[in-house]
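Encoded as structure tokens, the structure appears first; notes follow it.
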Ligand code: GAR
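In this note's numbering, the protein residues as written are 731 to 918.
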């Protein structure tokens, strides 16, 4: 059995989808939610799966061993970033080499980097009149959104695309592909 900790700061639809996917799995178990936002929806969404949540500040993440200690206590094998806003510190990346997986709502390397998060990405994609967008699942390294890409899935934009219609298309792809990509990597 391999264990996953999900890191998230927001709505938590991907986190919930991942929990659903692995609910009855004999190979992968979600053992911990790590968040810097105590009141975010992700915390309430994961309560019904009995996944314990660990809340920490940006300061604690960057300047203490609290998060690493918690990951060790829960014997975490892989970290999944599902809408996590803070940069993962080098100490955690070194400990989990090629074991941290992120989902990003664009076709990286386009629309990646600091500040490129959620709807902000879609706003830029539409403003630049892109014909397509999509999702990228990638390993996490020390630079925002620059780790090795594991898989990308695309969608087409229409002429009257809005942030909300593009959000829907991207979310559809994320929910359809993310859990099985995680599964493929962990059980390979
Ligand atoms: C997702 O669209 C994910 O790709 C994006 O945040 C959203 C979280 O949604 N992540 C990034 O933008 C990372 N740079 P959720 O909280 O409903 O899963």
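The beta carbon of each residue, even a glycine, is placed where N, CA and C say it ideally should be.
Between the options, which has its C-alpha nearest residue i's C-alpha?
i           : options               : result
residue 739 : 858, 838, 915 and 810 : 810
residue 818 : 908, 900, 768 and 737 : 737
residue 779 : 795, 800 and 747      : 747
residue 844 : 914, 752, 759 and 816 : 816
residue 782 : 806, 788 and 790      : 806
residue 734 : 753, 761 and 887      : 761
residue 801 : 839, 864, 829 and 813 : 829
residue 758 : 766, 750, 732 and 769 : 732
residue 884 : 754, 808, 835 and 752 : 835
residue 742 : 812, 858 and 848      : 812
residue 896 : 910, 848, 870 and 869 : 848
Along the chain, where does the beta strand (DSSP E) that runs through residue i open and close?
i           : result
residue 833 : 830-834
residue 732 : 732-737
residue 769 : Per DSSP, residue 769 belongs to no beta strand (DSSP E) and is neither H nor E.
Quick check on the burial criterion: 16 or more other C-beta atoms within 10 angstroms. Buried or exposed for residue i?
i           : result
residue 687 : Nothing about residue 687 can be read from this structure; the chain reaches only from 731 to 918.
residue 774 : exposed
residue 872 : exposed
residue 791 : buried
residue 857 : exposed
residue 766 : buried
Counting along the chain, where does the alpha helix (DSSP H) carrying residue i start and finish?
i           : result
residue 825 : 820-825
residue 744 : 743-751
Going along the chain, which unbroken runs of the alpha helix (DSSP H) with 4 or more residues stay wholly within the region 776-816? Runs found: 788-793 and 796-803.
- Item | Every unbroken alpha helix (DSSP H) within the region 857-896, with a cutoff of 4 residues, ordered by chain | none
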